[in-house]
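Engineer:
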Amino acid sequence: MLEINICVGTACHLMGAYNVIHEFQEIIEENKLHDRLSVNASFCMQHCGDGVSVRLREEKFNLVPGSCREFFNANIVPQLDKVR
Ligand code: FES
């Protein structure tokens, strides 16, 4: 199972963390990935910046609402084949 951890700390909340969570939930639903990809809310990752902090494995990213599909295609799809 691949996990996407999304910060819901104050700064990230204000930048749209719940919209980002919702976008990933839609992507999981559309692609029927429930058994391979999960979305989890997380406390502050000490990576507050220009967007919502997202951790995928050990890597941290900052996403803005509306950018999740692009992120999914670039960073998650290549890893899905390795996940069962
Ligand atoms: S509030 Fe999200 S990384 Fe700090």
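Residue numbers (this note's numbering): 2 to 85. Even glycine gets a Cβ: it sits at the ideal position worked out from N, Cα and C.
Can you list, in chain order, the residues of its chain whose CB lies under 8 Å from that of K61, leaving out five sequence neighbours each side?
Structural biologist: Once the five neighbours on either side are set aside, the close Cβ partners of K61 are M46, H48, S54 and V55.
Engineer: Would you grab the beta carbon distance between L3 and L81 for me? Rounded to a whole angstrom, and I think it's under 8 Å.
Structural biologist: Rounded, the Cβ-Cβ distance is 7 Å, consistent with contact.
Engineer: Using only the alpha-carbon positions, how far apart do Q26 and D51 sit?
Structural biologist: Spanning the two alpha carbons is a distance of roughly 22 Å.
Engineer: Quick one: Cα of A12 to Cα of V84, how far?
Structural biologist: Their Cα atoms are separated by approximately 31 Å.
Engineer: The alpha helix (DSSP H) with N20 in it runs from where to where?
Structural biologist: Its alpha helix (DSSP H) spans residues A18 to N32.
Engineer: What residue does the alpha helix (DSSP H) around A12 start on, and which one ends it?
Structural biologist: Here the alpha helix (DSSP H) through A12 covers T11 to L15.
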